[in-house]
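Please read the structure below before turning to the comments.
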Amino acid sequence: MADDFSDSITTTGTLSVGGSTNGNIDSYSDNDWFKISLKAGTTYLFSLAGDGGSGALSNLNNVGISVYNAQGASVQYLQTYTTTSGAVAQFAAQVSGTYFVGVRSYSNTGGYTLTAATPAADDYSATTQTTGRLDNGVAVSGVFERTDDVDWFKFHADAGQVVGFSGTGVLGAAVDYYSSPTVYNANGGYVGLLGQAPFIATTSGDYYLALSANGRVGAYTRTMQLISDDYSSDSSRSGQLSAGGQVSGSTDYYGDVDRFQISLEAGSIYSFTLKPQDASNAGASLDVYLPSGTSDYYNVNSSTASDGSITLLYQASTAGVYGIVVAGNKVQAYTLSASAGEPDDYGNTQATATELQLGVPVSARSQSTSDIDMFKVDLKAGVTYSFNVKPDAANLGYTIRSILQDSSGQTVATNVYSIERYSYTPTKDGSFYLAQSSYYVSNGTLGFTLTASQAVDDFTANTSKPGRLSVGGSTKGVIESAGDRDWFAVSLDAGGYYWFRVDGSAEGGGTMSSYSPVTLKLLDGSGNVLVSTPSYNYYGNGTGTFVPFTATTKGTYYVEVGTTSGGTPSSGSYTVRAQLGKPDDYGNDKEHAAALAPDTIVKGEMELNTDKDVFKLDVVAGVTYAVEMMPLSPNADGLSIDVSGPAGLNVRYVSSGDSKVIRLFEATDSGSYYATVAASSNYKWTGGYTLVAKSMGKDDFSADSKTSAVVTPDAPLRGVIGVADDHDWIKVHLDAGRTYVFDLQGNKSGGGTLDTGTQYGYTAGMTLLSSDRGTLAYSAIPAAANGVDPRITYVATASGDYYLDVRGTGQASGTGSYTVEMVQTNLDTTGPKLLSSNIAAGATEVGIKPTITLTFDETIMLSGVALTDGYGAVVQGANGPVLASVAGHTLTVDPRTNLMPGMTYTLNLLKGSVTDLAGNAASDAQSFSFTVAKPVSSGTAGNDYLIGSGIGLTLDGGAGVDTVYYAVNRSNFNIVRGSDGGVTVRDVRASGTSGDKLSGIERLVFGDGTAYALDTEGVGGQAYRLYQSAFNRAPDADGLGFWIANLDKGLSLRDAASAFIASAEFTRTYGSGVNDTDFVKLLYQNVLHRAPDAAGNSFWLDNLQKGQSRAEVLVAFSESTENHDAVAKLIGSAIAYTPFGG
């Protein structure tokens, strides 16, 4: 169905104030606009309804009404009040003129009628001068003339009176926060929101009820009713309830609260039951208030039965008059009953605790939420005890909380998560107390059995039966249950530095989980703790964590392995170890910090997974420093670096794309700053690292309006992104109505070294900012034909100063120099001029795969280019036509195929195909020809091209690097190497032919851009083997072509190997900073794919120590007979590669 009205300023729909118009929502995405003339300062109502026809728009709950200005921009957000039958929105015009009203439905289609009107006069004011009045039982009518209308009504209430309000019409009975009736006092002062509750007057006098339209328009009624309440919520008219008795009452309005007073005896247990008339309960609740008048909320837990009755059990803490409070949100009757008091089975304090004998179970009951059953038990230091709290069979699934306290009331153990059994090993003899309780007691008591007994234990935590441990040795033990502690005696010498560790399942020392809350301590002969592992956390830093200690005196010490009581399951076997420690290489605080000179690499080690090395760095104010830390072992998540200095120092994190950790900061003051390398016991990490603090220099341009950088159309600006998060602000002056183009030129177009490509998903770029820092435009990379640099095109809306915010990628490698060029299009009237071409017009002896580079005098854009051969045919590469790309002032043309030797080609740039950023075309068409190096019929002593057919030619290249060209695709040929080393290339489409016989030929190239090196014993094979050796992978075609081209030009294998070793991929493959031993081991592994033999390993290590370079050793491995024979199977008869540089 065709749309009746468009959603733009070209719509044919019109609407007048006081009139209406019809339309149709044709689809869920349809938006109909209507042109209308509005006056400034006037408020308008736009209402929508179904048009009354058979296809009328129904259910208008999902309709939206919007207003747009004469230019089609949204003026403001309009709240559209909707119902199933209609919708309305209100709008106040700020200026006179043309507007557009938009109608949209999000879920229905159909016909509608749209009406525009001005609101009628207000019937009631929203002040104390209102004419509206409410009296008991009398309905009053009103109208919301506007969506933001508020009507006030005066009413009178005496202190204590409960006043309710009901209504009909557009407000009805629905209440939300915004439309909730509000009460004001006689002076117009705010009293409160009512919601669904009535108003309870605190003083006698006149009040005002305010009704809010909240988007609604239409008529309503409001009626006031005085409500009678049977009981008050306080003690003024409270009811009376007796233990063992029952009372009746009713909740008389929404939110009614009735209080009943009852006398309770200290320590007795009572049951209270509330039975409302409505079995659905309807928001009824029951609560207990203390004699002091405060709620005892935390000691009350009720349950609700299927008939809606609520029951709670409660233990009175003191004798006195309590308050039982009934609350509800529905008008209904209820009955409230109270049981006679029941005595507590066991006391709830240490003074009233019952003696508990070891090994003798006792039965008890938790009679209420606040009930505590306390038992006293005598325990011995160093002995592990077990406590078992088992619910009765009828109460399985409910939990009993058990807490073990010392005589001072401090908790020393508990069954965390309410597990049935837990353990504890006291540090001293004495009386302890077991306190049992349950929050889940509501409508019945919970029975349980409590038993305390001495636990089975392999070692005590005292000197009576400890284990034995020797330095350099280990001992196995078992934590039988949570709370167990085992001691091991160990003899230490004065001045000795020792490490102690407990190993569990993660370290192969037993079954103890590394997530167990295990701790390791060293104690003196008197049981005093000298050192300990850090406090347990989620990661379980007990197992596998070293505890270092320097003994000051010779003697017997004790190593303690223990776990906390309760909590995470922590039983299992373990191994405890003692050894001589390795001294720390650097101090762990500022007083013992090692000096770190700028730009000097230091090596350090985290000897322990709790180690910390601190370095002092002397800095110069205003200079930015990059503190870089590189772990020398894998999985270094637990290693961190931090920098501290003057208060408020801004230290930033920078991503490096590898395991290196970088912290950046600009020194605010000259002086000493500190870098701290720390291991985390959470990750159990130890190992070496390197650290360097690089001086990055001072920032060239600030990132604020004080910047000294300025760019104009006549003067490009050059700058440097010095650090990863550097931002340079550049001031530009723009004139209103003018169009400007800004280019950020980096390594893609020769404007600098800044990489303007994408790194790890991040791209360098720039943002145009207003003088008040507001963002106006972001840079974007244009299409390849228009450039490769981030670009902003902007039409200034106002004259003044603006700022370009230039940034890198945010990565550590995203730094470098750049150039910003600015073009004001109306001032640029001259097209670009060609300055140079890397291939001159009429050139001969051009390579078969050239890249053509044209340089102009300004930044250009391209609309089309063609390369044709001598027959006028457009050159088609393997992946389509020639690839033309623009980078700043440079146009690059890549044929994407191998050109035919001897053929003349023409590059065609039609007039208007090259323009500058202002759209000015190059003055003349650019067209020139060149000829590819001519082929020979038979080989010479030089580097020759020959033309093959694949159907029976005999071609001998002679000396030099000789190439045979085939004009069609590689897939049309078979390549076979004979036993004599000769090669046959046969066109499979020509049956009955023997193919071309080739000798002295090093390379084959085909018309689809593919190429093969036949010299598997020459440069081609050497390049392949070196690539495979250096990177432990098959070479990629482009890279192999690059190294074949350079080796053909005379580059030595040694120099090529040096370049491979200096590459990032070689570092990733062989590692950073590897020693000679590891280097040779890795060569055997990556090149020969075996472990080194003893003699060979010694031979190469000796050569390296005598001065042979690693590049020479890499070449020797690459060209070894063993590697040659292994790689020959991969190479076959020919090596595929991509020709480089023509």
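Sequence positions in the sequence shown follow my numbering and run 1150 to 2291.
We put the CB at the ideal spot given by N, CA and C, even for glycine.
{"Item": "By Cβ distance below 8 Å, which residues in the same chain neighbour arginine 2174 in space, the five residues on each side in sequence not counted?", "Value": "Ser2267, Glu2268, Asn2272, His2273, Val2276"}
{"Item": "Is it the case that the Cβ atoms of tyrosine 1438 and glycine 1472 are separated by a distance below 8 Å?", "Value": "yes"}
{"Item": "Between tyrosine 1326 and glycine 1344, what straight-line distance do the alpha-carbon atoms span, to the nearest angstrom?", "Value": "Any reading at tyrosine 1326 must be qualified, since the residue scores a pLDDT of 49, below 50, and its modelled position is unreliable; the value itself is stated next. Taking the straight line joining both Cα atoms gives about 7 Å."}
{"Item": "Valine 1470: buried (16+ other C-beta within 10 angstroms of its C-beta) or exposed?", "Value": "exposed"}
{"Item": "Are there 16 or more other CB atoms within 10 angstroms of the CB of threonine 1563, so buried, or fewer, so exposed?", "Value": "buried"}
{"Item": "Could you please give me the residues that DSSP links to histidine 1876 through a beta bridge?", "Value": "Arg1956"}
{"Item": "How is threonine 2270 classed by DSSP in three states: helix, strand or coil?", "Value": "helix"}
{"Item": "State buried or exposed for phenylalanine 2248, treating a residue as buried only when at least 16 other CB atoms are found within 10 Å of its CB.", "Value": "exposed"}
{"Item": "So, for proline 2288: in the same chain, excluding its five sequence neighbours on each side, which residues have a beta-carbon less than 6 Å away from its beta-carbon?", "Value": "Lys1998, Ala2160, Gly2190"}
{"Item": "Can you tell me which of Gly1313, Thr1317, Val1319 puts its alpha carbon nearest to the alpha carbon of threonine 1331?", "Value": "Gly1313"}
{"Item": "Over what stretch of residues does the alpha helix (DSSP H) that includes leucine 1423 continue unbroken?", "Value": "Leucine 1423 -> not in any alpha helix (DSSP H); beta strand (DSSP E) instead, spanning 1418-1425."}
{"Item": "My guess is that glycine 2149 and glycine 2106 are in contact by the Cβ rule of under 8 Å, so how many angstroms apart are they, rounded?", "Value": "4 Å"}
{"Item": "Does the distance from the CB of lysine 1752 to the CB of glutamate 1777 come in under 8 Å?", "Value": "no"}
{"Item": "Tell me, to the nearest whole angstrom, how far the beta carbon of leucine 2200 is from that of aspartate 2145; I am working on the premise that it is less than 8 Å.", "Value": "Rounded, the Cβ-Cβ distance is 31 Å, inconsistent with contact."}
{"Item": "With H, G and I counted as helix, E and B as strand and the rest as coil, what does DSSP make of alanine 1335?", "Value": "coil"}
{"Item": "Leaving out five residues before and five after alanine 1335 in sequence, what residues of the same chain have Cβ atoms less than 6 Å from its Cβ?", "Value": "Gly1354, Asp1355"}
{"Item": "Any contact of the segment 1979-1988 with the segment 1947-1959, i.e. 3+ C-beta pairs under 8 Å?", "Value": "no"}
{"Item": "Please determine, among Thr1317, Pro1347, Gly2222, Lys1529, the residue with the shortest C-alpha to C-alpha distance to glycine 1404.", "Value": "Pro1347"}
{"Item": "Would valine 2024 and leucine 2016 be called neighbours here (beta carbons separated by less than 8 Å)?", "Value": "yes"}
{"Item": "Beta carbon of threonine 1262, beta carbon of serine 1155: below 8 Å?", "Value": "no"}
{"Item": "What does the alpha-carbon distance come out to for the pair alanine 1992 and serine 2128?", "Value": "42 Å"}
{"Item": "Report buried or exposed for arginine 1408, applying the criterion of at least 16 other Cβ atoms within 10 angstroms of its Cβ.", "Value": "buried"}
{"Item": "Kindly say whether alanine 1468, judged by its beta-carbon, lies nearer than 8 Å to any beta-carbon of chain B.", "Value": "Here there is only one protein chain, and chain B is not present."}
{"Item": "What is the rounded straight-line gap between the Cα of leucine 2279 and the Cα of valine 2168?", "Value": "16 Å"}
{"Item": "Within the chosen definition, does the segment 1420-1439 reach the segment 1451-1465 through at least 3 CB pairs nearer than 8 Å?", "Value": "yes"}
{"Item": "To the nearest whole angstrom, what separates the beta carbons of threonine 1682 and threonine 1668, a pair I think is in contact under 8 Å?", "Value": "5 Å"}
{"Item": "Please work out which residues of its chain come closer than 6 Å, Cβ to Cβ, to glycine 1531, disregarding the five sequence neighbours upstream and downstream, and give them in chain order.", "Value": "Thr1609, Ala1610, Asn1611"}
{"Item": "Hey, quick one: how far does the beta strand (DSSP E) through lysine 1116 stretch, first residue to last?", "Value": "Shown here, the chain extends from 1150 to 2291; a query on residue 1116 therefore has no answer."}
{"Item": "Between glycine 1846 and glycine 1871, is the Cβ-Cβ spacing less than 8 Å?", "Value": "yes"}
{"Item": "What residue does the beta strand (DSSP E) around tryptophan 1834 start on, and which one ends it?", "Value": "Neither: tryptophan 1834 is in no beta strand (DSSP E) and is coded neither H nor E."}
{"Item": "Quick check for students: name the residue ranges of the beta strand (DSSP E) that lie wholly in the segment 1542-1628, counting only runs of 3 or more.", "Value": "1550-1554, 1560-1563, 1570-1573, 1579-1586, 1595-1603, 1623-1628"}
{"Item": "Taking its Cβ as the centre, do 16 or more other Cβ atoms sit within 10 Å of valine 1142, making it buried, or is it exposed?", "Value": "Because the chain here runs from 1150 to 2291, residue 1142 falls outside it and cannot be looked at."}
{"Item": "Take aspartate 1181 as the anchor and find which of Leu1227, Gly1477, Leu1164 has the nearest alpha-carbon.", "Value": "Leu1164"}
{"Item": "Could you give the distance in angstroms between the alpha-carbon of aspartate 1652 and the alpha-carbon of threonine 1958?", "Value": "45 Å"}
{"Item": "Between aspartate 2093 and valine 2081, is the Cβ-Cβ spacing less than 8 Å?", "Value": "no"}
{"Item": "Return helix, strand or coil for threonine 1839, following the three-state DSSP convention.", "Value": "strand"}
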